[in-house]
Amino acid sequence: MITNTNINNKKNINNISNFIGVQNPVREFKSNQNCLRISSLGGFGDVTQNMFVYEFIPNGDATKSQIIIVDCGVGFPEEDAFGVDLQIPDTQYLADKKDRILGIFITHGHEDHIGAVRFILPILGQNIPIFAPKLAAAFIESRLAEVNIRVNLTVYQDSIPIQKGVFTVDPIRVTHSIPDTFHFAITTPAGIFYHGSDFKFDVFPLDGKGADFAHIARIGEQKVMALMSDSLGADKEGWSPSESSIAENFRYEITSAKGRVFVTSISSNIIRWSQAIEYAKGVGRKIVIVGFSVDKAINIAKDLGYLTLTDSDIIPPERTKNFPDNKLIFLVAGFAGQPDSALGKMVMGKHRIKIKSGDKVIFSSPDYIPGTTSNIYTMIDTLSKMGAEVVYGEKEELHVSGHGYQKEHALLINLLKPKYLLPIGGNFRHLKCYQGVAEKLGYSEDKIILPDFDASVNFYSNGTYDTNFHIPIRKILIDGFGIGDVGTTVLRDRKLLAEDGMFSVVLLMNKETGKLEKDPVILSRGFVFVKENTDLISYLKQEVVNKFNEATSTPANFEFIREEIQAHIEEIIYQKTGRQPMVLPLVIEV
Ligand SMILES: [Zn+2]
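205 is the number of the first residue of the sequence shown in our numbering; add one for each residue after it.
Spelled out as structure tokens, the structure:
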């Protein structure tokens with residue numbers, strides 16, 4: 205189920221003016237120059253839900269624009285437990301431009317860059333070609349196969365440009381915390397734009413595939429209009445440590461363990477799985493993969509040759525009893541402390557495999573997912589109490605960031621020498637730090653663009669830009685990540701009840717006629733006291749009746765009516781009170 209929730213009331217006001225802007229986009233142009241408009245459908249100043257629109261507008265005529273999209277990722281709402289809800293970019297801006305979308309170009313296989321394809325492709329059109337590097341393409345394909353979506357997917361090759369309409373997209377290899385990560389040099393009639401998504405410059409990469417500095421330098425010899433750059437590591441001085449710098453520590457933790465070893469990370473962390481498998485095999489441990497997402501990712505990586513694993517290396521979870529503890533390593537889903545993950549269930553004793561004293565659990569969490577820290581620490585505490593040794597994070601030097609620090613940003617800027625800088629992929633504090641780096645390199649404030657959350661950046665062919673145009677960006681939440689998973693639902697319900705209470709409405713209706721038999725009955729617990737809020741309650745009651753009349757039919761569809769009322773009441777309660785109680789409409793046949 206997809207629900208739209210406005211972020212806050214202030215945003216609503218902004219949105220109203222944005223919609224006005226959208227209705228008359230042509231009027232935004234003071235000249236009839238060629239223009240390249242860059243919009244972020246996940247909003248500027250956000251780390252996740254990456255989705256950028258590059259729109260070429262010829263002679264100021266927005267009705268004749270051509271569009272490519274870079275990345276299509278999910279977000280992880282900070283206020284909710286990870287794994288309960290996902291957020292996706294808002295594609296409303298593209299609603300009347302679908303036939304002008306020439307392709308979606310994927311930079312790498314992290315969820316915040318590919319995870320929204322399965323939701324957004326059906327909205328924008330399944331024929332839109334997708335271009336992705338090998339590993340990301342395999343992830344996308346397997347994900348879409350699960351939901352029966354056919355996809356027009358092409359694997360692009362390093363340094364082989366792709367031509368789409370007026371755009372030429374040239375993929376440039378860089379390094380990150382997942383193999384097969386690319387930047388794009390995007391050539392348009394309005395100039396060259398360098399899309400520098402997530403990267404670091406790991407000069408000792410474990411797979412031997414470093415960033416293609418020569419290629420970047422060649423792009424820099426041409427006139428680059430703007431560099432859109434990852435900025436997440438811009439608040440850290442110096443150079444980010446190499447993946448190989450932690451290899452020895454990680455190997456030691458695995459090879460020195462006396463009992464069973466559990467390693468948990470995000471499923472796409474192929475580099476870490478590959479290391480874990482290599483080190484464990486080196487000391488004769490068998491590999492046990494637990495968790496659907498991890499199993500799938502490892503199998504894809506194995507098939508593509510990113511890690512070496514034979515059938516005899518693996519044993520299924522149910523056969524582990526036949527092996528001594530020091531001959532086993534478990535690769536487990538649950539890095540974020542999700543109670544419903546394989547690791548979460550093991551901790552709670554709800555899994556075939558149970559944690560026991562003497563086990564060692566190694567957490568290797570990625571650095572881009574917010575809102576997970578407290579869950580992780582809760583799980584670490586519980587594991588420790590159970591007698592397990594827990595190894596986690598930068599403390600043990602078992603984790604390095606996948607994002608470049610200040611010197612790496614300085615290097616990229618120096619190689620490209622762009623006219624403008626547009627930092628992306630960071631929160632405002634990272635953007636400000638990026639600005640600091642750029643200023644040290646001689647960039648004046650007017651050359652460093654920090655657009656509003658919902659602004660687009662228009663670059664004109666005379667070399668100027670503005671950020672006057674705004675697009676509508678709502679918060680689009682995906683509910684039902686754990687479909688059929690009672691644990692998740694219960695957890696979320698409990699959280700909702702604890703925070704904002706419950707609002708329930710009972711409707712007695714005649715199924716044949718589709719009419720209400722009685723006035724709705726309102727029940728409220730922990731939300732507002734009914735007797736003291738008669739105005740609000742009677743207003744809500746009237747809204748329930750209005751929505752009911754709108755949604756009903758003969759004969760009536762109970763489920764549809766229920767969903768319509770629920771969505772409507774949730775929205776108006778939020779508008780009126782800023783609260784989000786659990787809304788439970790009960791439609792009863794009489
Ligand atoms: Zn990434």
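Even glycine gets a Cβ: it sits at the ideal position worked out from N, Cα and C.
Where S433 falls: helix, strand or coil (DSSP): Within the sequence shown, numbered from 1, the residue matching residue 433 stands at position 229. It is a strand residue.
Closest Cα partner of A537 within the set K531, D499, T512, T514: Against the sequence shown, residue 537 aligns to sequence position 333. Checked all of K531, D499, T512, T514; the closest Cα to A537 is D499.
beta-carbon H314 near ligand 1 non-hydrogen atom, thresh 6 Å: For the purposes of this step, residue 314 is taken as residue 110 along the sequence shown, with counting starting at 1. Under cutoff, so the answer is yes.
Proximity of K404 and G606 at Cβ, strictly below 7 Å: For the purposes of this step, residue 404 is identified with residue 200 of the sequence shown, where counting begins at 1. For the purposes of this step, residue 606 is identified with residue 402 of the sequence shown, where counting begins at 1. Yes, the Cβ-Cβ distance between K404 and G606 is below 7 Å.
Any non-hydrogen atom of ligand 1 within 6 Å of D196 CB: Residue 196 falls outside the range modelled here, since the chain spans only 205 to 794, and no answer is possible.
Cβ-based burial, I364 [other Cβ within 10 Å; buried from 16]: Here residue 364 is taken as the residue at index 160 of the sequence shown, counted from 1. Under this definition I364 is an exposed residue.
Cβ shell of L547 (< 6 Å), same chain only, five flanking positions each side left out: Taking the sequence shown and counting its residues from 1, the one referred to as residue 547 is at position 343. Hits under 6 Å: T468, V536, G538.
Min CB distance I777 to chain B below 7 Å: In the displayed structure, chain B is absent; only one protein chain is listed.
Closest Cα partner of H314 within the set I376, R523, H380, A540: For the purposes of this step, residue 314 is taken as residue 110 along the sequence shown, with counting starting at 1. Residue H380 is the option with its Cα nearest to H314.
DSSP bridge partner residues for S516 (one or two, in chain order): Counted from its first residue, the sequence shown places residue 516 at position 312. None, per the DSSP bridge assignment.
Reduced DSSP secondary structure (H/G/I, E/B, other) of I364: To locate residue 364, count along the sequence shown from 1; it is residue 160. Three-state DSSP puts I364 in coil, outside helix and strand.
Buried or exposed (CB count within 10 angstroms, at least 16 for buried), N208: For the purposes of this step, residue 208 is taken as the residue at position 4 of the sequence shown. For N208, the predicted model reports a pLDDT of 42, less than 50, meaning its position is unreliable; a value from the coordinates is still stated below. Exposed is the call here.
At least 3 beta-carbon pairs within less than 8 Å: the stretch 473-490 vs the stretch 504-512: yes
Residues bridged to L357 (per DSSP): For the purposes of this step, residue 357 is identified with residue 153 of the sequence shown, where counting begins at 1. Answer by DSSP bridge pairing, in chain order: I334.
E643, enclosing alpha helix (DSSP H) - first and last residue: Position 439 of the sequence shown, counted from the first residue, corresponds to residue 643. First-last of the alpha helix (DSSP H) with E643: 632-644.
Residue closest to D416, alpha-carbon to alpha-carbon, out of N356, P375, E522, R455: The count along the sequence shown starts at 1 and reaches residue 416 at position 212. Closest by alpha carbon: P375.
Residues near F454 by beta carbon distance below 6 Å, same chain, minus five either side: On the sequence shown, position 250 is the one that residue 454 refers to. Only Q479, L602 meet the Cβ criterion.
Sub-7 Å separation of V565 and P521 beta-carbons: For this step, residue 565 is matched to residue 361 along the sequence shown. For this step, residue 521 is matched to residue 317 along the sequence shown. No. Outside cutoff.
Other residues of its chain near G442: CB distance less than 6 Å, five sequence neighbours each side excluded: The residue given as residue 442 occupies position 238 in the sequence shown. Excluding residues within five positions, the ones whose Cβ falls inside 6 Å are Y609, K611.
Touch test, the stretch 423-435 against the stretch 622-642, Cβ-Cβ under 8 Å, three pairs minimum: yes
Validate contact between the stretch 638-647 and the stretch 665-677 using beta carbons, cut 8 Å, 3 pairs: no
V230, buried or exposed, once every other Cβ within 10 Å from all chains shown has been counted against 16: For the purposes of this step, residue 230 is taken as the residue at position 26 of the sequence shown. Low per-residue confidence applies at V230: pLDDT is 41, beneath 50, and the placement is therefore not dependable enough to give any value.
Straight-line gap, E747 to I773 (C-alpha atoms, nearest Å): Taking the first residue of the sequence shown as position 1, residue 747 is located at position 543. Taking the first residue of the sequence shown as position 1, residue 773 is located at position 569. Going by the C-alpha atoms only, they are around 8 Å apart.
Beta-carbon gap between G277 and N263 smaller than 7 Å: Within the sequence shown, residue 277 is the residue found at index 73, counting from 1. Within the sequence shown, residue 263 is the residue found at index 59, counting from 1. Contact: no.
Under 7 Å between C-beta atoms of A505 and I470: Here residue 505 refers to the residue found at position 301 when the sequence shown is read from its first residue. Here residue 470 refers to the residue found at position 266 when the sequence shown is read from its first residue. No; because the gap between Cβ atoms is not below 7 Å, this pair is not in contact.
CB contact flag (M786, M706, <7 Å): As a position in the sequence shown, residue 786 is number 582, starting the count at 1. As a position in the sequence shown, residue 706 is number 502, starting the count at 1. Yes. Within cutoff.
Cβ distance (whole Å) where T524 is taken to contact I557 below 8 Å: In the sequence shown, counting from the first residue as 1, residue 524 sits at position 320. In the sequence shown, counting from the first residue as 1, residue 557 sits at position 353. Contact flag correct, Cβ pair sits at about 7 Å.
R241 - containing alpha helix (DSSP H), residue span: Position 37 of the sequence shown, counted from the start, is the residue given in the question as residue 241. Where R241 is concerned, there is no enclosing alpha helix (DSSP H), although the beta strand (DSSP E) it sits in stretches over 239-244.
The stretch 420-427 contacting the stretch 449-464, beta-carbon criterion three pairs below 8 Å: no
Proximity below 7 Å, CB of D294 to CB of I680: In the sequence shown, residue 294 corresponds to position 90, counting from 1. In the sequence shown, residue 680 corresponds to position 476, counting from 1. In contact: D294 and I680 (Cβ atoms closer than 7 Å).
Beta strand (DSSP E) segment containing L727, residue limits: Numbered from 1 along the sequence shown, position 523 holds the residue referred to as residue 727. Counting along the chain, the beta strand (DSSP E) containing L727 begins and ends at 725-729.
Contact set for V794: own chain, Cβ-Cβ below 6 Å, skip 5 residues either direction: The residue given as residue 794 occupies position 590 in the sequence shown. The answer, listed in chain order, is L712, E721.
Nonlocal neighbours in the same chain, by C-beta distance under 6 Å from K715, ignoring five residues either side: Counting from one through the sequence shown, the residue named residue 715 turns up at place 511. Counting only Cβ-Cβ distances below 6 Å, and skipping sequence neighbours, we find P759, A760, E793.
Reference S448; option with closest CA among P383, V465, G640, D411: Position 244 of the sequence shown holds residue 448. Checked all of P383, V465, G640, D411; the closest Cα to S448 is D411.
Spatially closest choice to I199 from D656, Y743, D303, P724, by CA coordinates: With the chain covering only 205 through 794, there is no way to say anything about residue 199.
Assigned exposure category for K780 - 16 Cβ within 10 Å defines buried: Counted from its first residue, the sequence shown places residue 780 at position 576. Flag for K780 reads exposed.
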